[in-house]
Amino acid sequence: MTDSTLPAIAELIPHEAPMILVDELIHVDDHSIHTQVVIQKEGLFFNQDKQHVPGYVGIEYMAQSIAAWSGFQAWQQGQPPSIGFLLGSRRYQSDCTHFEEHDILNIYAQKVMENNGMAVFQCTIEKQGQEVANAQLNAFVPSKEQLVAMLGKPSNA
Numbered sequence: 092m093t094d095s096t097l098p099a100i101a102e103l104i105p106h107e108a109p110m111i112l113v114d115e116l117i118h119v120d121d122h123s124i125h126t127q128v129v130i131q132k133e134g135l136f137f138n139q140d141k142q143h144v145p146g147y148v149g150i151e152y153m154a155q156s157i158a159a160w161s162g163f164q165a166w167q168q169g170q171p172p173s174i175g176f177l178l179g180s181r182r183y184q185s186d187c188t189h190f191e192e193h194d195i196l197n198i199y200a201q202k203v204m205e206n207n208g209m210a211v212f213q214c215t216i217e218k219q220g221q222e223v224a225n226a227q228l229n230a231f232v233p234s235k236e237q238l239v240a241m242l243g244k245p246s247n248a
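Numbering-wise, the sequence shown is residues 92 to 248 according to our numbering.
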């Protein structure tokens, strides 16, 4: 899909501001996604005293990129994004303790497997062309029936 036809991130992630942390969808296909985050002072996790975002927030950038991938799959079928759950991360490794203002982060997520709403993605974060973090994330997107059973009530999701 060409960049000019890609939807806005807000259309793909079932969050509202200020919880939408990913800024832009760069590329997406059936098996992967590339998103971008520009670290800004106004960001939800920007520490005004230290003038940076803690490095562990990278896990959330990865998770929201996966949510955008899932939302894009739904968007292609004319459906709204579904609620999903981050079940865990394996081996989050980061070469940086924080992200500084104006850093441009490129987040890549590659689907390793998907079955019955469960998915595993290999994720990386790059800054200035260098990998600065990576992890394997496990996610779950329940069916509407599973969501009703989990929440005990019908949902608009």
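Backbone N, C-alpha and C fix where the C-beta goes; we use that ideal spot for every residue, glycine too.
For residue i, the three-state DSSP class (helix, strand or coil)
i           : result
residue 112 : coil
residue 208 : coil
residue 200 : strand
residue 222 : strand
residue 217 : strand
N-terminal and C-terminal residue of the alpha helix (DSSP H) that residue i is part of
i           : result
residue 150 : 149 to 167
Closest residue to residue i among the options (Cα-Cα distance)
i           : options            : result
residue 188 : 113, 138, 160, 237 : 138
residue 205 : 221, 160, 237, 196 : 160
residue 96  : 109, 111, 119, 114 : 119
residue 147 : 232, 224, 122      : 224
residue 209 : 228, 192, 191, 222 : 228
residue 154 : 207, 202, 221, 237 : 202
residue 222 : 190, 232, 109      : 190
residue 219 : 123, 167, 193, 116 : 193
residue 124 : 166, 239, 156      : 156
residue 149 : 110, 167, 185      : 185
Where the beta strand (DSSP E) containing residue i begins and where it ends
i           : result
residue 235 : From DSSP, residue 235 is part of no beta strand (DSSP E) but of the alpha helix (DSSP H) over 235 to 242.
residue 189 : 189 to 191
residue 145 : 143 to 145
residue 96  : That residue, residue 96, is in no beta strand (DSSP E); it is neither H nor E in DSSP.
Next item on the list: Check whether the region 102 to 114 touches the region 166 to 182, taking contact to mean three or more Cβ pairs, one atom from each stretch, closer than 8 Å.
Entry: Result yes; three or more Cβ-Cβ pairs closer than 8 Å.
Check: Is there contact here, the region 191 to 201 with the region 211 to 225, by at least three beta-carbon pairs under 8 Å?
Finding: yes
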